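Reading through the structure tokens given below for one structure.
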Amino acid sequence: MNFNYDKSIDDKWRALWEQRQTYKFDKNSSKPKYYLLEMFSYPSGSKLHLGHWWNYSLPDSFGRMKRMQGYNVFQPVGFDAFGLPAENYAIKTGIHPKDSTAQNIKTMEEQLRQLGATYDWDYEVKTNEEEYYKWTQWVFLKLYEKGLAYRKDAPVNYCPHCQTVLANEQASGGECERCHSKVEHKHLTQWFFKITDYAERLLEGLKTIDWPEKTKRIQTNWIGKNTGAKVRFNILGHDEKIEVFTTRVDTLMGVTYVVLAPENSLVDKITTQEQKDAVSSYREKVLHLSEIDRTSTVREKTGVFTGAYAIHPLTGEKVPVYISDYVLESYGTGAVMAVPAHDERDYEFAKKFNLEIKMVINSKDKEVTLPFTESGILVNSGEFNGLSSSDAKKAIVKKLESIGMGEMTTTYRLRDWLISRQRYWGAPIPVVYCDKCGIVPVPESELPVKLPYNVDFKPTGKSPLYYCDEFVNTTCPKCHKKARRETDTLDTFVCSSWYYLRYLDPHNSKMPFDKKITDKFMPVDKYVGGVEHAAMHLLYARFIYKALKDMGYVSGEEPFKSLIHQGTILGADGQKMSKSLGNTVSADEYVAKFGSDVFRTYLGFGFSYTEGGPWSDDGILAINKFFQKIAKVFENFSNLEKNSNDEIEEDLEVWLHKTIKSVTQDMENFQFNTSIARLMELTTQISKYQAKPKRNYEQEKHAVYCYAKLLAPIMPHYMEDVWQKLGHETSIFDEKWPTFDEAKTMAKSVEIAIQVNGQIRARINIPADTSDEDMKKIALENENVTKYTSGKQIKKVICIKNRLVNIVAV
RNA sequence: GCUGGUGUGGCGAAAUGGCAGACGCACGGGACUCAAAAUCCCGCGAGGGCAACUUCAUGUGGGUUCGACUCCCACCACCAGCACCA
Numbered sequence: 119m120n121f122n123y124d125k126s127i128d129d130k131w132r133a134l135w136e137q138r139q140t141y142k143f144d145k146n147s148s149k150p151k152y153y154l155l156e157m158f159s160y161p162s163g164s165k166l167h168l169g170h171w172w173n174y175s176l177p178d179s180f181g182r183m184k185r186m187q188g189y190n191v192f193q194p195v196g197f198d199a200f201g202l203p204a205e206n207y208a209i210k211t212g213i214h215p216k217d218s219t220a221q222n223i224k225t226m227e228e229q230l231r232q233l234g235a236t237y238d239w240d241y242e243v244k245t246n247e248e249e250y251y252k253w254t255q256w257v258f259l260k261l262y263e264k265g266l267a268y269r270k271d272a273p274v275n276y277c278p279h280c281q282t283v284l285a286n287e288q289a290s291g292g293e294c295e296r297c298h299s300k301v302e303h304k305h306l307t308q309w310f311f312k313i314t315d316y317a318e319r320l321l322e323g324l325k326t327i328d329w330p331e332k333t334k335r336i337q338t339n340w341i342g343k344n345t346g347a348k349v350r351f352n353i354l355g356h357d358e359k360i361e362v363f364t365t366r367v368d369t370l371m372g373v374t375y376v377v378l379a380p381e382n383s384l385v386d387k388i389t390t391q392e393q394k395d396a397v398s399s400y401r402e403k404v405l406h407l408s409e410i411d412r413t414s415t416v417r418e419k420t421g422v423f424t425g426a427y428a429i430h431p432l433t434g435e436k437v438p439v440y441i442s443d444y445v446l447e448s449y450g451t452g453a454v455m456a457v458p459a460h461d462e463r464d465y466e467f468a469k470k471f472n473l474e475i476k477m478v479i480n481s482k483d484k485e486v487t488l489p490f491t492e493s494g495i496l497v498n499s500g501e502f503n504g505l506s507s508s509d510a511k512k513a514i515v516k517k518l519e520s521i522g523m524g525e526m527t528t529t530y531r532l533r534d535w536l537i538s539r540q541r542y543w544g545a546p547i548p549v550v551y552c553d554k555c556g557i558v559p560v561p562e563s564e565l566p567v568k569l570p571y572n573v574d575f576k577p578t579g580k581s582p583l584y585y586c587d588e589f590v591n592t593t594c595p596k597c598h599k600k601a602r603r604e605t606d607t608l609d610t611f612v613c614s615s616w617y618y619l620r621y622l623d624p625h626n627s628k629m630p631f632d633k634k635i636t637d638k639f640m641p642v643d644k645y646v647g648g649v650e651h652a653a654m655h656l657l658y659a660r661f662i663y664k665a666l667k668d669m670g671y672v673s674g675e676e677p678f679k680s681l682i683h684q685g686t687i688l689g690a691d692g693q694k695m696s697k698s699l700g701n702t703v704s705a706d707e708y709v710a711k712f713g714s715d716v717f718r719t720y721l722g723f724g725f726s727y728t729e730g731g732p733w734s735d736d737g738i739l740a741i742n743k744f745f746q747k748i749a750k751v752f753e754n755f756s757n758l759e760k761n762s763n764d765e766i767e768e769d770l771e772v773w774l775h776k777t778i779k780s781v782t783q784d785m786e787n788f789q790f791n792t793s794i795a796r797l798m799e800l801t802t803q804i805s806k807y808q809a810k811p812k813r814n815y816e817q818e819k820h821a822v823y824c825y826a827k828l829l830a831p832i833m834p835h836y837m838e839d840v841w842q843k844l845g846h847e848t849s850i851f852d853e854k855w856p857t858f859d860e861a862k863t864m865a866k867s868v869e870i871a872i873q874v875n876g877q878i879r880a881r882i883n884i885p886a887d888t889s890d891e892d893m894k895k896i897a898l899e900n901e902n903v904t905k906y907t908s909g910k911q912i913k914k915v916i917c918i919k920n921r922l923v924n925i926v927a928v
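Under my numbering, think of the first position of the first sequence as 119, with each following residue one higher.
Right under this line is the structure:
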């Protein structure tokens, strides 16, 4: 029989799998669950690119192994379908986002089927559909009820040329992505999620999950926990106080001025008449600076005096109050105490404005040049003189507490999540503005707030929905008088922050998901996706999950138990693949030429899954050859007479068990390259066995069957076909994953190395599990060893069972 | 600037502190063939040696250890995240 792989069998098996419902997900199964999730993708116009193959095909192989190991694997697929590209495309071409998205999804679904993955398409989710975004809006309403969604005035990135607000990602480098104009700052009233309330729990939870250390660190840095002290300064002639945050309260006695962020609300109150013009023109200037310019460390310090004075809480001294853009409104309290002697920024500022510089920290052991930013011993600090920085922190806070002017505190760099977008292609924020009732959330029963189809896409700086009267004009849900709808839409990251829950119950029309089901299948056991989401999606999803938990909708604390980042496959030139560089690789072409399984195997073998690397198709022909060798093995076996009855061959037995062991382990760790390498070795070994004149039928059958099962996850169409040709009517994926016997993974005889002082002097074969004493004896008698030990004293002999002997001789 | 990651043959890459370079590509040699392709076998880090062997070698320099690609310290290069965060 011919066992060759031909790409035509791909279609045959996909059709049969569908017909047989091989991958139908049974949520009532009694098997242990395994939730395997790959980040869903944006439905882009072009064909499935290499990245999709990389992200979806190999994790599917992992899932297939899990399935064969007896798990009830849930591996869904869907689309993150709202978002900017479709809208930009609409502006350019006039093709409606809904239409282009639907078309793109159709194309991608077709292509995703070519992967031959175990998706149950009944569980597909598309975030732009009413039955989905209705519940995204529900999530918003729940957070609003909980006080976790609020509206406030905030700065955003604005492109004067396109007349539109830009997302942060679109304003990177301070330039508009589309027209490269300089991005300006504007103040707009925006909706936020209060993710900062969860900062501590988001940090704590990281300790409990199996995620790459790198990713945890990115989140930790992003959250940016910092402990320090709050200190309050009275303002001369005013009732208000200025509150500052500092991590170096030990330098309090060196404060010579105070700086407020230009946006700080105190500024208007305390600025004196003479300084009013200077202050307002400075604030005006700052407003027009881009975030990039403003936070650039190389820029010279600027600022103006407010005319006001603050009172030092401990010395009662009068210090001037400045405003400067080096102080950020969004961090800490939006105000700092300036200690020019011990802070570089304050030093620079003080030099420029001729402010006093007072040294209060001295080094324990070296000459000090200002600014001196290390910790040390306090000087010029009255009662605190002589204390170390760390003791002084405690003492000073204690003193501040006693007079009610400060205390220890913790701050986070994390800012609240801005979720408003002045965009059309997203879920409308389900809120109504009524002159009488104010902000009124749309009642749950009236969801979804439907996205209208007929809108004008011209960029104006406002959401296209703003000009859509049929959408905007509504009645107040409370008083039923005329009211207006919110015209901003939700950030698409809101859609993707809960999709893993909807997957489990995608057609529920009464609830976003049934808690009974999600309790059974959450958390996600293995989540696969790019590291670029470390401080965005992965943080947002954790936050939403925790918020849902607090409201009783889910039970767990963390949605993703274990996380893997796939690496990036770069263009052959080592650059990121992009159309403009012309270095993209068309997965399609390779699939058409070699077939889905060859391509998947090549991807698995040629690159480390978590590293990726530059594309090269050098080895793909070798994979084709590998498939031919595999065919040979099955062909040889099918020609073997059943009644042959020779002895069991130990070598083959060992190879088989060894291979099962390492393939199982490597697949578990997403090391597809090494598991395929092991399978190549086993191929060679079985072929060798088959070349022998005497073969044991039962032994060979067992080996060949195990071999097929081990190969199956990597080349699903092919092995399914082989399995059928071997005479089976059921799917190979309903078979049990082969198991190994540890005792059989090692040959009866092993080669060990003998070292003298760490240098290898001989290699010999000895029986496996030879005792240390015997190994030592054999080693010391070896000719090539005695050459190096003669005349020397043997100090020590180290024996490592089945591996080596090291003789220490002097 | 801060934090982290990476650095191994001509190439893609492997190595719970225990025989560095598994597996594969490319390359060289051989078998089969009239010949080529395909296939199979052998070799393949560098130097020395007819050979048995031997010296050097995992970015650089130190250290710990019987033994280091692996652990520690310093440095160099590249990459990534954060960055006027008080």
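Note that the Cβ used here is the ideal one computed from N, Cα and C, for glycine as well. Computed from a prediction, not measured in an experiment: that's the story for all the values here.
What residue from the options has the CA that sits closest to residue i's CA?
i      : options                           : result
Lys812 : Leu758, Lys776 and Val772         : Leu758
Lys516 : Tyr465, Asn742, Lys348 and Ala927 : Lys348
Leu405 : Ala795, Glu588 and Lys304         : Lys304
Ala426 : Thr390, Lys596, Ala453 and Thr451 : Thr390
Ala740 : Ser726, Phe717, Lys760 and Tyr727 : Phe717
Leu922 : Ala871, Thr254, Ala133 and Met629 : Ala871
Val549 : Lys260, Asn122 and Arg231         : Lys260
Thr491 : Ser867, His460 and Tyr720         : His460
Thr728 : Trp135, Asn246, Ser148 and Trp329 : Trp329
Tyr671 : Leu202, Glu205 and Lys264         : Lys264
Glu361 : Phe351, Leu688 and Gly355         : Phe351
Ile738 : Ala749, Gly722 and Gly731         : Gly722
Leu565 : Val612, Arg541 and Met629         : Met629
Phe311 : His820, Ser506, Ile547 and Ser581 : Ile547
Just confirm the distance between the C-beta atoms of residue i and residue j, as a whole number of angstroms; I'd bet it's less than 8 Å.
i      : j      : result
Tyr189 : Pro161 : In fact, because the Cβ distance is near 30 Å, the residues do not count as touching under 8 Å.
Ile353 : Ala428 : 6 Å
Ala272 : Leu320 : Contact doesn't hold; Cβ gap of about 21 Å is too wide.
Phe388 : Thr424 : In the sequence as displayed, the identity of residue 388 is Ile instead of Phe. That belief holds up - the Cβ atoms of Ile388 and Thr424 are roughly 6 Å apart, short of 8 Å.
Gly342 : Glu675 : Contact doesn't hold; Cβ gap of about 21 Å is too wide.
Within 10 angstroms of the Cβ of residue i, are there 16 or more other Cβ atoms? Answer buried if so, exposed if not.
i      : result
Gln684 : buried
Gln139 : exposed
Ser448 : exposed
Ile662 : buried
Ser889 : exposed
Trp239 : exposed
Lys760 : exposed
Tyr571 : exposed
Met226 : buried
Exercise for review: Determine, using beta-carbon pairs with one atom in the stretch 434-448 and one in the stretch 370-389, whether at least three such pairs fall under 8 Å.
Suggested key: yes
Practice item. Evaluate contact between the stretch 844-860 and the stretch 876-887, counting only Cβ atoms and requiring at least three cross-stretch pairs below 8 Å. Key: The stretch 844-860 vs the stretch 876-887: no contact.
Exercise for review: Would you list, in sequence order, the uninterrupted beta strand (DSSP E) runs of no fewer than 3 residues that lie entirely inside the stretch 570-652?
Suggested key: Every unbroken stretch of the beta strand (DSSP E) spanning 3 or more residues and falling wholly within the stretch 570-652 is given here in chain order: 591-593, 600-603 and 644-646.
Review point. What residue ranges within the stretch 790-865 form continuous alpha helix (DSSP H) runs of no fewer than 4 residues, ordered along the chain?
Key: You should have 790-808, 815-829 and 834-843.
Check your understanding: Is the stretch 320-339 in contact with the stretch 654-663, if contact means three or more CB pairs nearer than 8 Å?
Key -> yes
Exercise for review: Kindly provide the ranges of any beta strand (DSSP E) runs that are 3 or more residues long and lie completely inside the stretch 868-912, ordered along the chain.
Suggested key: Runs of the beta strand (DSSP E) inside the stretch 868-912: 877-885.
Review point. With contact counted as at least three CB pairs below 8 Å, one residue from each stretch, are the stretch 140-147 and the stretch 734-752 in contact?
Key: no
Review point. Taking three-plus beta-carbon pairs below 8 Å as touching, is the stretch 780-798 in contact with the stretch 819-837?
Key: yes
Practice item. Pair every Cβ in the stretch 559-577 with every Cβ in the stretch 508-524, then say whether three or more of these pairs are closer than 8 Å. Key: no
Check your understanding: Touching or not, the stretch 583-591 and the stretch 168-184, by the rule of three or more beta carbon pairs under 8 Å?
Key -> Touching, no.
**Study point:** Touch test, the stretch 491-504 against the stretch 530-543, Cβ-Cβ under 8 Å, three pairs minimum
**Key:** no
Practice item. Run through the stretch 130-180 for me and flag every whole beta strand (DSSP E) of 3 or more residues, listed as ranges in chain order. Key: 151-156
Exercise for review: For the stretch 674-762, list the beta strand (DSSP E) runs that are entirely contained and at least 3 residues long, ordered along the chain.
Suggested key: Listed in chain order, the complete beta strand (DSSP E) runs (minimum 3 residues) inside the stretch 674-762 are 686-688 and 730-732.
Check your understanding: Contact between the stretch 614-623 and the stretch 182-197: three or more CB pairs below 8 Å?
Key -> Pairwise C-beta distances place the stretch 614-623 in contact with the stretch 182-197, as three or more of them are shorter than 8 Å.
Review point. Are the stretch 672-680 and the stretch 643-651 touching, with three or more C-beta to C-beta distances below 8 Å?
Key: Judged by Cβ distances under 8 Å, the stretch 672-680 makes contact with the stretch 643-651, as three or more pairs qualify.
Point to revise | In chain order, each beta strand (DSSP E) run of at least 3 residues that lies wholly inside the stretch 432-456 | key: As far as the stretch 432-456 is concerned, its whole beta strand (DSSP E) runs of at least 3 residues are 436-441 and 453-456.
Practice item. Output the residue ranges of the beta strand (DSSP E) runs that lie fully inside the stretch 183-254 and measure 3 residues or longer, sorted by chain position. Key: 190-192
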